Amino acid sequence: MRFWFFFFSLLVPAFLSLPVQAQTSQIQDVMLENGLKVLLLENHKSPSVTFQVWYRVGSRNEEDGKSGLSHFLEHMMFKGTPKVGPEEYSRIVAKNGGRSNAFTSADHTVYFATMSREKIGIAIELEADRMANALLDGSYFEPEKKVIMEERRLRTEDNPTAALAEVTGAVAYTVHPYRRPVIGWMGDIEGLSREDLQRHYRRYYVPNNAFIVVAGDFSTPEILSKIKATFGKIPRGPETPKVRVEEVPQRGERRVVLKKEAELPFLLFYYHAPNFKDPDSFALDLLSVVLAGGRSSRLYQELVYHKRLALGVDADYEGLSVDPTVFSITAQVMPDKDPAEVERAIDSLVARMRAELISEKELEKAKNQVEASFVFGQDSVFGQAMRIGQYESVAGWRLLDSYLAGIRKVTAADILKVAKQYLDTDRRTVGTLIPIKEKKQ
Amino acid sequence: MKKLILVFLSWTLLASAPPVLEARLTPKRSVLENGMVLLTSEERALPMITLNLLIKAGSRYDPQGREGLANLAARLLTYGTRSRTALQISEELDFIGAGLSTGCSEDLATVSLTLLKKDLDAGLNLLADVLTASVFPPEEIDRQKKSVIASIRARDEEPGAIAQTKFLEALFPGSPYGRPVEGTEGAVERMERAELVEFHGRFYRPNRAILAVVGDVSHQEITERLAKVFQSWDRGGAAEEPVPSASPGPANSIRIQKNLTQANIIIGHEGVPRSHPDYYAIQVMDYILGGGGFSSRLMDSVRNERGLAYSVYSMFDAGKYVGTFQVTMQTKNESADEAIRIAIEEIRRIREQRVGEDELQAAKDYLIGSFPLRFDTNRRLAGFFAQVEFFELGLDYPDRYPEMIRKVSREDVLSAAKRYLQPEKLIVVVVANQEKTGIKK
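Chains E and H supply the protein sequences, listed in that same order. Heads up, the first sequence is in this note's numbering, so the first residue is 144 and it goes up one at a time. Heads up, the second sequence is in this note's numbering, so the first residue is 74 and it goes up one at a time.
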């Protein structure tokens, strides 16, 4: 996340988890000899090609005291190789009419460029070069550290809801690395060294720990031969260390309060939930839509419309994660309303979800919303590539094939079952942002 | 938590064009009997349709003392019509998984609808209903007023938004272009139903509207259906209102105290309207100065060399009648003064010396080369068509654009910088913990 950003979770709740059913059969899956997998999806609706390199490394692979390492490395990957000068990568892509950037999450680090069919080879060469030859140059290390600290101030320190999410996440998980913020704690960022970056780079930036996704207006044989000629030359690396930490089952609610200068209180519930490898994920996805998909959804109707307790609400199931995840419910509290009252209203609504079947009509509505967003999601080749990459990094892209069928099979009883099982008070963490008044200078 | 963060380097709207004629960027255009301008482009790859409607009903038409009326009217469109309650509208939309949203800016209100092809009739009925038969129920007015007021407060916890508001207020004092579209708490509180009804009746007229439709439908098919659903929507008789005056305020230094870790800074002054003959030279110049993402001078000197900011950019935002120029950045409180000084130095430097031939070429290559790639989704295409019409750029705009960029010379850039960057007129807004910034008043 070098520049500009938005949170996917703010889009339609189930957006990213939606499949490309009609198109997965057209995905080509090629494994190079060095262990680099290439996934290709031709789509000629617009004249652009998105090329993405996914490394299977993120904050999940970090240790205490070294948080933010993967993200820091992502920044330093733009500082050049023996062939390409510092910051030249972005300039070369831009000069050829393309856009490029990168982002880091808990599970992966992704570099991408969107260019025309004629030019995309340039991005392929540059990406292959920096997979093997990044300099992580010493003289750019300290200024870039300052940039990342500014990034943290911008995203978290001065952003009350992001700060709440960070501290609540740190309590929801006790041992699993998902408890650490992707960008890293400020003290950790400050303490990171060039050697840390070098080690991380050597360990994780190998073809057998990465895969490529290409989507858009290209010819498969042409682009494959380009990829083989560039990435194919990079030798396979040693096996990367596996993360085998399991979060201990939660027995009893946890509560976090953040007091910070802000205008409106904010509530955040994290319920432990399985990821997309679990068959319950289909029902969990639909549950999030029943709760917060559109203005006719339950949370919206109850909290925003009828009771006027919240300015906005959301429910999000983040099933596309490598390890078990959370189901979240959030509410931005109206001025002069008590967060405790909002919490009670959410509790009684969740209690109903756990006691009664939803109607067939409500179920059908949720399924229609999921299916429509699935079609809308294909409007962007970048979005398509993202979805393929996320599935691949979690459970293999082939899971996309069974997704829509899985959604269609869900019954009202399934939704009741997952609500009972996962929206359990004893397995949740509640974060509350309490605004405090500005200290006058 | 898992923060999937993504990036769109969003250059100023409508910046450039492809080297060869792009049929997909040239819509079919017609004017319906009731005066509505219709622009369409068939995109048959997916069974979906995107409709984007602009209507001259923005906040510039707010009566004095009723600031926020246009915004409230736009919000209330989907909260009750002669034949549907607010809940019925959202139930119908959610049941077909469609997205219908309304918005408001200084010049325009917008209504956009995305739906599956099979639901086109249902969607058009809803669209026509909310545009022509809104009834503004009193309890919905009350609800939306509270919601707008809460949003106005919520904006006070976003330092970037505060800086933006203060900047526009100082730049266009007393003008609709200098105040928030949402209006003020007091004015919103006072709004009455009769005023909303009157505003709607007067400004929501087909001869004030532009509708762009992109997707799985032909021009003829959509024209016939629109004629049917909009048959009772009559032209308005009101004369075209004069453009409100917006004379720029003087150079100024504005400090807002907030207990933040970063100073949020905007430096800028008046820009140019979209129709200005030097618009293209200005865009090239601005790309080099700070509009060009990682390729810009501001990015180099503020971020890469000194590590002072994560995000820094400049922008000439050109509206139909007025424009702004601004540099936006965030840096820790302690370095605010230094960052401002460096940004101003860059503004001076581009006014004093001709840019390098390579810099100029890189800017032109990006602007021309990236053009066809930027409109790579139906939604972006629909937005582009509507804007081309609103700004009266002509259907051949995509064909003319490359030449307008190509002919910009180093001398043109220099003279654009000299004329349209005015260091003596800069308004400097700093939202920060002022004690730490050390900026002298």
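Where a beta carbon is used, it is the ideal one built from N, C-alpha and C, also for glycine. Being a predicted model, the structure only gives us computed values, none of them experimental.
query = Does the segment 161 to 168 of chain H touch the segment 99 to 111 of chain H, meaning 3 or more C-beta pairs lie closer than 8 Å?
reply = no
ask   = Does the beta carbon of Glu230/H come closer than 7 Å to any beta carbon on chain E?
value = Yes, Glu230/H lies at the interface with chain E (some Cβ there is under 7 Å from its Cβ).
Ranges of the alpha helix (DSSP H) found wholly within the segment 385 to 451 of chain H, counting only runs of at least 4 = 409 to 425, 430 to 442, 444 to 447
Glu451/E in three-state terms, based on DSSP = What sits at residue 451/E in the sequence shown is Arg, not Glu. Coil, per DSSP.
message = Could you check whether the Cβ of Asp490/E sits closer than 6 Å to any heavy atom belonging to the ligand NAP?
response = Absent from the structure shown: the ligand NAP. Ligands present: none.
ask   = Measuring CA to CA, which of Phe419/E, Asp459/E, Ala458/E is closest to Val465/E?
value = Phe419/E
query = Counting contacts by CB-CB distance shorter than 7 Å, is Ser233/E in contact with chain H?
reply = Interface with chain H (7 Å Cβ-Cβ cutoff): Ser233/E is included.
ask   = chain E partners of Glu411/H, CB-CB under 8 Å?
value = Within chain E, no residue comes near Glu411/H; the closest Cβ sits about 12 Å away, beyond 8 Å.
query = Quick one, which residues of the segment 520 to 553 of chain E are near chain H if we go by CB-CB under 7 Å, in chain order?
reply = Gln521, Asp522, Ser523, Val524
Gly327/E classed as buried or exposed, judged by whether at least 16 other C-beta atoms fall within 10 angstroms = buried
task = Determine the DSSP secondary structure at Ile377/E, reduced to helix, strand or coil.
result = Ile377/E sits in coil when the DSSP states are folded into three classes, being neither helix nor strand.
ask   = Does any residue of chain E bring its CB to less than 7 Å from the CB of Gln335/H?
value = Yes, its Cβ sits closer than 7 Å to a Cβ of chain E.
ask   = Between Leu94/H and chain E, is there a C-beta pair that is closer than 7 Å?
value = The predicted position of Leu94/H is uncertain, since its pLDDT is 47 and thus under 50; a value taken from the coordinates is nonetheless stated next. For Leu94/H, the answer is no, since every Cβ of chain E falls outside 7 Å of its Cβ.
Contacts that Gln403/H makes with chain E (C-beta to C-beta distance below 9 Å) = Glu293, Arg296, Leu297, Asp301
inquiry  = Looking at chain H, is there any beta carbon in it that lies within less than 7 Å of the beta carbon of Ser213/E?
reply    = no
task = Can you give me the start and stop residues for the alpha helix (DSSP H) that Pro482/E sits inside?
result = 482 to 496
request  = Please look up how many angstroms separate the CB atoms of Tyr546/E and Val469/E, rounded, as I've assumed it's under 8 Å.
outcome  = Not really, about 20 Å apart at Cβ, beyond 8 Å.
ask   = Is the beta carbon of Val433/E less than 7 Å from the beta carbon of Ala509/E?
value = yes
ask   = In angstroms, rounded to a whole number, what distance separates the CA positions of Leu299/H and Leu411/E?
value = 44 Å
request  = Taking only beta-carbon positions, decide if Gln169/E is within less than 7 Å of chain H.
outcome  = no
request  = Look up Thr257/E in the DSSP assignment and say whether it is helix, strand or coil.
outcome  = strand
request  = For the segment 214 to 238 of chain H, list the alpha helix (DSSP H) runs that are entirely contained and at least 4 residues long, ordered along the chain.
outcome  = none
inquiry  = Is there a C-beta anywhere in chain E that falls below 7 Å from the one on Tyr383/H?
reply    = yes
task = Assign Ile122/E to one of three DSSP states: helix, strand, or coil.
result = With chain E represented from 144 up to 584, any question about residue 122/E goes unanswered, as that position is not in the structure.
ask   = Ends of the beta strand (DSSP E) at Val503/H?
value = Residues 500 to 505.
task = Would you be able to state if there are at least three C-beta pairs under 8 Å between the segment 400 to 410 of chain E and the segment 470 to 486 of chain E?
result = A contact exists between the segment 470 to 486 of chain E and the segment 400 to 410 of chain E.
Chain-ordered chain H contacts of Ser336/E [CB-CB under 8 Å] = Ordered by position in chain H, no residue passes the 8 Å Cβ test against Ser336/E, which lies about 16 Å from the chain.
message = Relative to the C-alpha of Val388/E, which candidate in Phe354/E, Lys180/E, His319/E has its C-alpha closest?
response = His319/E
inquiry  = Please identify the residue among Asp438/H, Gln426/H, Phe245/H, Ile441/H whose C-alpha is closest to the C-alpha of Arg483/H.
reply    = Gln426/H
ask   = In chain E, which residues lie less than 9 Å from Lys331/H when you measure between Cβ atoms?
value = Asp301, Glu404, Glu581
For Ile478/H, the residue or residues it bridges with in DSSP = Looking at the DSSP assignment, Ile478/H forms no beta bridge with any residue, so it has no partner.
query = Using DSSP with H/G/I as helix, E/B as strand and the rest coil, what is Thr224/E?
reply = coil
request  = Using three-state DSSP, classify Ala36/H as helix, strand or coil.
outcome  = Residue 36/H is absent from the model: chain H starts at 74 and stops at 514.
task = Verify whether the separation of the beta carbon atoms of Arg199/E and Asn352/E is less than 7 Å.
result = yes
ask   = Taking DSSP as the reference, what is the three-state secondary structure of Arg571/E?
value = strand
Any C-beta of chain E under 7 Å from that of Pro279/H = no
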